[in-house]
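One rule links them: number in the numbering used here = place in the sequence shown (from 1) + 283.
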Amino acid sequence: MLFLDELPEFGHSLLETLRQPLEDKVITISRAQGSVTFPANFILVGAMNPCPCGYYGDPFRRCTCPAGLVSRYQRRISGPFIDRVDIFIEVPHIDYEKLADNRLGEKSDKVQERANAARLIQHQRFQGTKLSCNADMMPTEVREFCQAEESAQSLLKAAMKQLYLSARAFHRILKLARTIADLENAGIIKAHHLAEAVQYRPRQTV
Ligand SMILES: [Zn+2]
């Protein structure tokens with residue numbers, strides 16, 4: 284796993300060089316003597332603030348960034364880069380009541396059991412192929428394994444139009460919906476699986 288904290292601080296050109304390994308899981312280094320290709324299969328995790336001061340869109344504190352800076356900051360992450368990311372999650376301000384709440388959430392070992400079961404389904408699905416998990420699927424496999432019920436299909440059609448999604452994002456949503464369905468041990472992708480996957484696309488930025 285590669286974790287990049289303060290993602291925009293790495294700068295546009297460095298982040299763009301990650302596009303090849305994210306897509307092909309290899310990285311090619313070219314020098315005068317020739318070029319060498321190395322394996323580079325990793326999970327990329329990035330964290331960023333909504334703006335340099337950190338308060339853009341916050342319901343309680345005012346963003347103090349000068350006009351234009353917020354969009355310049357967010358534009359360091361290009362559209363093609365965003366297209367290659369599976370899951371976007373906004374982490375809003377947490378208030379006192381939530382922090383002081385002593386109720387426990389679901390135990391991690393329960394979540395792990397669910398994840399292991401979903402991994403096993405994928406292992407069986409891709410037996411005899413070079414693929415190991417849903418994220419590895421190419422469009423041919425997406426067509427074969429990401430069958431969605433009719434209501435899920437119309438939901439995806441509406442999302443494609445409303446969010447102006449690219450072909451790459453379309454396949455990503457289907458692969459993610461496949462994983463969400465696997466976590467419920469569901470054979471066919473249902474509308475609520477797809478709705479959850481669509482939620483993980485980025486919202487409109489500034
Ligand atoms: Zn700000």
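Beta carbons: idealized from backbone N, C-alpha and C, even for Gly.
For this session: Go ahead and pull the three-state DSSP assignment for SER318.
Result: In the structure shown, the three-state DSSP call for SER318 is strand.
Exercise. Would you call ASP378 buried or exposed, if buried means 16 or more other Cβ atoms sit within 10 Å of its Cβ?
Worked result: Exposed.
Problem set entry | Contact set for GLY294: own chain, Cβ-Cβ below 6 Å, skip 5 residues either direction | Cβ neighbours of GLY294 beyond the five flanking positions: none.
Exercise. Would you say VAL353 touches ligand 2, meaning its beta carbon is less than 8 Å from a heavy atom?
Worked result: Absence of ligand 2 is noted for the structure shown, with ligand 1 being the only ligands found.
Problem set entry | Contact set for LYS473: own chain, Cβ-Cβ below 8 Å, skip 5 residues either direction | Cβ within range, chain order: ALA431, GLU432, SER434, ALA435 and ALA464.
Problem set entry | Span separating the alpha-carbon of LYS413 from that of VAL353 | Whole-angstrom Cα-Cα distance: 43 Å.
Exercise. Buried or exposed: TYR356, going by 16 or more other Cβ atoms within 10 Å of its Cβ?
Worked result: Buried, by the Cβ-count rule.
Exercise. What first and last residue would you give for the alpha helix (DSSP H) that runs through PHE428?
Worked result: That run of the alpha helix (DSSP H) goes 422-428.
Exercise. Would the stretch 333-344 and the stretch 298-305 be scored as touching if the rule is three or more Cβ pairs under 8 Å?
Worked result: No contact exists between the stretch 333-344 and the stretch 298-305.
Exercise. Can you tell me whether TYR447 is buried or exposed, with buried defined as 16 or more other CB within 10 angstroms of its CB?
Worked result: The Cβ neighbour count for TYR447, taken over all protein chains shown within 10 Å, is under 16; the residue is labelled exposed.
Exercise. If you drop the 5 nearest sequence neighbours on each side, which residues of the same chain put their C-beta closer than 8 Å to that of LEU287?
Worked result: Counting only Cβ-Cβ distances below 8 Å, and skipping sequence neighbours, we find PHE293, LEU327, VAL328, GLY329 and ALA330.
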